[in-house]
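Per UniProt numbering, the sequence shown starts with residue 1, numbered consecutively.
Working notes for the structure below.
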Amino acid sequence: MDGIDQLTPDGQTTILNVVDDLLGDSSFVCKLFVTSRQDDCTKRDIALFVKEYIESNLTAQNPLLENERLKQDVIHALLSGANGMFLWVKLQLFDIAQAVTEQEMRLTIQKLPKNLGETYAGILEKVQRSPGGNLRFKTMTKVFRWVAGTRPALKIEELEEAVALEETDTYLHTERIATGAGEKLIACCSNLVIYNAEDSTVTFAHQTIQQFLFSSANTTQNLQLGFNFTPQSLNQYIAEICLAHLLFSDFETQVAKVPENPTVVLGDAESLVWWNVPLSKPIKGLLSLSRPWSGTGKVNSDHRINFTIPIVSPDSNSLVQKYLLLDYIITFWTFHTADMTPQSACWPSFKHIACERQLMFSFRLWDDPQHSSRLQQMGWYTKDQMSDKISTPAMRTIPVSEELMKNLLLYTYTKADHDYL
């Protein structure tokens with residue numbers, strides 16, 4: 001085990017109690033390996049990092065640090081306030097690099113934040129005060145919501161589309177998407193989110209950033225900053241985006257439907273048939289001799305017959321290429337809407353998508369044949385029995401939340417006017 005110090009005090013207590021229970025259980029052997037090191041080792045590592053970073057990077061960015069005395073004062077201030085936190089030091093170095101004068105740099109190191117929480121708050125306040133800060137802060141907030149609220153993490157191209165979406169959208173506003181500008185989105189967040197080159201995902205630079213956003217939801221300082229992050233509020237926000245996305249008119253125009261009553265002129269239809277018949281000319285001649293005399297012998301060109309012409313639907317993979325967030329939404333919309341109830345503001349949209357909406361691609365887990373038979377069996381149970389049936393081990397294999405399925409089934413049966421409800 002490593003990194004226990006990174007947990008909150010309550011988290012540390014919880015994990016240590018779990019470990020204690022495991023070690024005290026005589027039914028099996030538990031081997032535990034805990035790693036740690038002395039604070040002095042961390043301090044030496046931080047000192048080496050600070051000196052090397054200033055020499056190799058910061059001096060080139062800010063010539064003020066060519067002043068040896070000023071450089072030593074910066075190093076001393078950082079080592080004094082680090083308290084073993086590499087991330088704290090790194091964020092202060094970014095801030096120090098922005099100083100324009102020696103006086104400004106000295107003021108910066110004199111007012112260094114005491115901890116990561118103060119550091120994050122200071123970064124957000126500085127963004128708000130900067131030119132164009134309101135727009136940048138709005139973008140940053142959207143990025144934070146998606147990074148904090150999605151599991152697994154979004155890829156950078158998915159994030160580009162996600163931050164362009166609004167809950168009230170009825171189609172994809174491509175003019176709002178920062179296509180190919182993911183790096184600018186990350187830069188907009190002042191080093192609080194990072195790009196992971198291994199899997200192209202975007203995550204917080206450190207788990208304490210998400211802890212700060214959640215824990216600060218009820219503090220005066222962060223309410224003033226405009227943050228009100230809770231797991232529930234994030235889930236609701238993303239759920240509304242998912243529902244709006246699945247209701248896009250874009251997908252309706254993409255679905256190719258066979259016309260209900262297509263027609264074709266009778267003469268054209270006959271010509272089409274004869275064109276495919278071998279020796280059609282002599283056969284037509286013989287048939288014409290056997291026809292009774294009809295006077296004019298002309299075909300009524302206004303007479304039309306039904307002639308259904310199927311239209312080939314576009315490949316659904318092309319939709320995923322155009323709507324980059326669609327794959328995530330198809331997979332996880334049920335997860336984000338798990339807390340929906342009939343009292344939820346977007347319940348009408350939810351129940352329409354869950355029970356009625358038809359699209360060219362599959363987006364409902366319960367439409368999958370491997371689950372449909374089980375769900376159908378559940379329909380023969382009363383409302384009181386339904387809860388017990390859903391909780392059986394067999395039903396837990398369905399990757400849909402129990403609460404969501406209860407609401408779905410209740411809505412379906414109510415709509416069908418089943419007496420047993």
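Think of the CB as a built atom: it goes at the ideal place given N, C-alpha and C, for glycine as much as any other residue.
Lysine 234 versus glycine 149 - alpha carbon distance: The residue asked about is misnamed: residue 234 is leucine in this sequence, not lysine. Spanning the two alpha carbons is a distance of roughly 6 Å.
For leucine 112, the nearest candidate out of Val19, Thr59, Ile75 and Glu198 (CA to CA): For the set Val19, Thr59, Ile75 and Glu198, the Cα lying nearest the Cα of leucine 112 is the one of Ile75.
Glutamate 55 to glutamine 92, Cα distance in whole Å? Rounded to the nearest angstrom, the two C-alpha atoms are 16 Å apart.
May I ask you to verify whether the stretch 56-65 touches the stretch 94-105, counting CB pairs closer than 8 Å and requiring at least 3? Segment contact: the stretch 56-65 against the stretch 94-105, three or more CB-CB distances shorter than 8 Å; contact assigned.
Using 8 Å as the threshold, is the stretch 163-176 in touch with the stretch 193-213, meaning 3 or more CB pairs across them? Look at the beta carbons and you see the stretch 163-176 not touching the stretch 193-213: under three pairs across the two are nearer than 8 Å.
The alpha helix (DSSP H) with valine 202 in it runs from where to where? The continuous stretches of alpha helix (DSSP H) do not include valine 202, which lies in the beta strand (DSSP E) extending over residues 201-204.
Opening and closing residue of the alpha helix (DSSP H) in which isoleucine 209 lies: Isoleucine 209 -> alpha helix (DSSP H) spans 207-215.
Around the Cβ of lysine 142, are there at least 16 other Cβ atoms within 10 angstroms (buried) or fewer (exposed)? Result: buried.
What is the C-beta distance between alanine 164 and threonine 201, in whole angstroms, given that I count them as a contact (C-beta under 8 Å)? Cβ-Cβ separation between alanine 164 and threonine 201: approximately 18 Å, too far for a contact (criterion under 8 Å).
Assuming valine 193 is part of the beta strand (DSSP E), what are its boundary residues? Taken as a continuous stretch (DSSP letters only), the beta strand (DSSP E) holding valine 193 covers 193-196.
Going by C-alpha distance, which of Gln321, Ile241, Gly182 and Thr119 is nearest isoleucine 353? Restricting attention to Gln321, Ile241, Gly182 and Thr119, the CA atom closest to the CA of isoleucine 353 is found in Ile241.
In the DSSP output, what is lysine 155 paired with across the bridge? Paired residue(s): Thr201.
Sequence-distant residues of its chain with Cβ nearer than 8 Å to alanine 178 (five each side left out): Taken in chain order, the residues that qualify are Glu160, Val163, Ala164, Lys184 and Leu185.
Rounded separation between proline 131 and alanine 205 - CA only: If I take the Cα positions, the gap works out to 25 Å.
Quick one, which of Glu68, Arg357, Arg151 and Glu252 has its alpha-carbon nearest tyrosine 328's? Residue Arg151 is the option with its Cα nearest to tyrosine 328.
So, using beta-carbon positions, are leucine 70 and glutamate 102 closer together than 8 Å? Contact flag set, yes.
Under a Cβ-count criterion, where at least 16 other Cβ atoms within 10 Å of its own Cβ denotes burial, should isoleucine 238 be classed as buried or exposed? Isoleucine 238 is buried by the Cβ-count criterion.
Which value, in whole angstroms, describes the spacing of the CA atoms of glutamine 128 and phenylalanine 28? Cα to Cα, glutamine 128 sits roughly 55 Å from phenylalanine 28.
Between lysine 281 and the ligand PLP, is the CB less than 7 Å from at least one heavy atom? Ligands in the displayed structure: none, and consequently the ligand PLP is not present.
Around the C-beta of glutamate 322, are 16 or more other C-beta atoms found within 10 angstroms, so that it is buried, or is it exposed? Checking the sequence, you will find lysine at residue 322 rather than glutamate. With fewer than 16 Cβ atoms within 10 Å of its Cβ, lysine 322 is classed as exposed.
CB tryptophan 333 to CB leucine 246, shorter than 8 Å? In contact: tryptophan 333 and leucine 246 (Cβ atoms closer than 8 Å).
Near serine 391, what residues of its chain come up, given a Cβ to Cβ distance below 6 Å and the 5 sequence neighbours on each side ignored? Any reading at serine 391 is ruled out, since the residue's pLDDT is 41, under 50, leaving its predicted position unreliable.
Compare the C-alpha of valine 89 against each of Leu124, Val50, Ile4 and Leu58 and name the closest. Measuring from the Cα of valine 89, the nearest candidate turns out to be Val50.
Using a threshold of 8 Å, state whether the C-beta atoms of leucine 116 and leucine 87 are closer than that. Leucine 116 is a Cβ neighbour of leucine 87, given a cutoff of 8 Å.
Let's test the definition: count the other Cβ atoms within 10 Å of the Cβ of histidine 173 and tell me whether it reaches 16, buried, or not, exposed. Burial state of histidine 173 is exposed, judged by a 10 Å Cβ sphere holding fewer than 16 other Cβ atoms.
Do serine 344 and phenylalanine 335 have their C-beta atoms closer together than 8 Å? Taking C-beta atoms as the reference points, serine 344 and phenylalanine 335 fail to come closer than 8 Å.
Rounding to the nearest angstrom, what Cα-Cα distance links serine 301 and isoleucine 283 in this structure? Note on serine 301: pLDDT 48, under 50, position unreliable in the model; no value is reported.
Span separating the alpha-carbon of tryptophan 146 from that of aspartate 73: About 39 Å.
Measuring alpha carbon to alpha carbon, tell me which of Gln211, Thr337, Thr8 and Phe212 ends up nearest leucine 243. Considering only Gln211, Thr337, Thr8 and Phe212, the residue with the shortest C-alpha distance to leucine 243 is Thr337.
Own chain, CB closer than 8 Å to glutamine 232, minus 5 neighbours either side, in chain order: If you ignore the 5 residues before and after glutamine 232, its C-beta comes within less than 8 Å of the C-beta of Asp339, all in its own chain and listed in chain order.
Considering just the uninterrupted stretch of the alpha helix (DSSP H) at proline 9, what are its terminal residues? Run containing proline 9: 9-24, per the alpha helix (DSSP H) assignment.
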